[in-house]
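As C-alpha cells, the structure follows; a few thoughts come after it.
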Amino acid sequence: MHATWDTILSVIFPEHCISCNKEGHALCAICERTIITKPVALSASTAALFDYAHPLVKKAIWALKYDRRLALGKYFGIALYREFFKHLARQSAKSRETMILIPVPSSRGTLRERGSNHAEVVASAIAEEAVKDGVSFIADSAILIKEKDTQRQVEAKTRGARLTNLRGAFVVENGERITGKTIILIDDVITTGATLREAREALRPWKPKRILAIAFRDLQPEFFDFNRRARICFVCCGEIVDRL
7 MHATWDTILS VIFPEHCISC NKEGHALCAI CERTIITKPV ALSASTAALF DYAHPLVKKA
67 IWALKYDRRL ALGKYFGIAL YREFFKHLAR QSAKSRETMI LIPVPSSRGT LRERGSNHAE
127 VVASAIAEEA VKDGVSFIAD SAILIKEKDT QRQVEAKTRG ARLTNLRGAF VVENGERITG
187 KTIILIDDVI TTGATLREAR EALRPWKPKR ILAIAFRDLQ PEFFDFNRRA RICFVCCGEI
247 VDRL
C-alpha cells in the first residue's frame, strides 16, 4: 500500500534534489559529484567512498529515514554496489553462489511511524544493480525480525547501554534459507556495532557460510571488537574494515 501511494505521489509531485531543489532526481548529478569519490585508501584495511562528515551525506540519510525520500536509498545502494560489491559479484558469478542481503529490521512501531525500512530499500537497490551484471543477490527481509521495540541506539548514552538495549531484540525465521550461504547485513549508521553484533548472533546458529555487513555511514569504528573466529567484513559508508 505504501509503495503504491509513493508511486502516485511521485507522479503528482516529482522528485527534487535535496541540495539544490532541481526537479528530476532526489540527488542531482551536479550535487552528487560534491559528495561521491572514488575509494581512497585510509589504511591497509580501510577505504573511504563517502566523506561522512559532509553535511549533504547527513541530510540525505535523514531524508531517507524520516522524510520518506526512498529514491535516496536507491542512490546509496547503487553507489555502494558499484564501488564495493563488484568483487563480491565476481566471486558470486565464479562460484555460482547466491548471496543473501538481509536488511537490519525495524520494529513494528518504527515501521508504523516511518512507513518503510530504509535499509530494505538499499538492499533492494543493491540486488537490482547486481542483476545488471548477471549476478544473483537476493534481498530477503523475511529472515531477520526485530521482535521488540527498543530505544534508538543513538539515544543510548554508553556502549554498555547500547549493548543491553538490543539484547534479544532479533529473532530468525526461515533460517534454513541461510545455511551454508554468504549473508550480507545492511544497516545505516554504526555507532558501537551493537546492532550488527546482535544480528550476527541471531543468525549464527543457522550456520551461514560467512556473514558480512554494509552501512552507509560509520560513526565510531574504534568500538569494533569482534570474536576473531567470526569472519566478518564491514563496509561502513564506504569504509571497509576486516575482522577475521
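Heads up: the sequence shown begins at 7 in the working numbering, then just goes up one per residue.
Glycine is no exception: its CB is placed at the ideal position from the N, C-alpha and C atoms.
State the start and end residues of the unbroken alpha helix (DSSP H) segment that holds GLN133. First, the residue type needs correcting, since residue 133 is Ala and not Gln in the sequence shown. ALA133 -> alpha helix (DSSP H) spans 124 to 138.
How many Å lie between GLU182 and ARG210 at the Cα? In this structure, the straight-line span from the alpha carbon of GLU182 to that of ARG210 is close to 12 Å.
According to DSSP, what are the bridge partners of HIS22? GLU29
Counting C-beta neighbours from all protein chains within 10 Å, is the total for PRO20 16 or more, i.e. buried, or is it exposed? exposed
Inter-residue Cα distance where the pair is PRO61 and ARG39: 14 Å
Pick helix, strand or coil for THR185, following the three-state DSSP scheme. coil
Do LYS187 and VAL127 have their C-beta atoms closer together than 8 Å? no
Member of LEU86, LEU191, ILE84, ALA66 whose CA lies at the smallest distance from the CA of ILE151: LEU191
Pair every Cβ in the segment 63 to 83 with every Cβ in the segment 93 to 104, then say whether three or more of these pairs are closer than 8 Å. no
So ILE67 is in the alpha helix (DSSP H); what residue range does that whole segment cover? 61 to 72
Distance, ILE189 Cα to LYS154 Cα: 23 Å
Between VAL110 and ILE144, what straight-line distance do the alpha-carbon atoms span, to the nearest angstrom? Cα to Cα, VAL110 sits roughly 14 Å from ILE144.
Quick check on the DSSP output: the alpha helix (DSSP H) that includes ALA200 runs from which residue to which? Annotation for ALA200: the continuous alpha helix (DSSP H) segment containing it runs 200 to 209.
ALA35 to CYS23, Cα distance in whole Å? 9 Å
Who does LYS154 pair with in a DSSP beta bridge? Looking at the DSSP assignment, LYS154 forms no beta bridge with any residue, so it has no partner.
Would ASN180 and ILE217 be called neighbours here (beta carbons separated by less than 8 Å)? no
Once the 5 residues before and after THR185 are set aside, which same chain residues still bring their CB inside 6 Å of it? TRP212, LYS213
TYR87 burial status per 10 Å Cβ neighbour count (16 or more: buried): buried
In this structure, does DSSP put ARG216 in helix, strand or coil? Residue state for ARG216 is assigned as strand, using DSSP reduced to three classes.
Cβ neighbour criterion (16 or more within 10 Å) applied to GLU29: exposed
Helix, strand or coil at ILE36 according to DSSP, with G and I counted as helix: ILE36 falls in the helix class under three-state DSSP.
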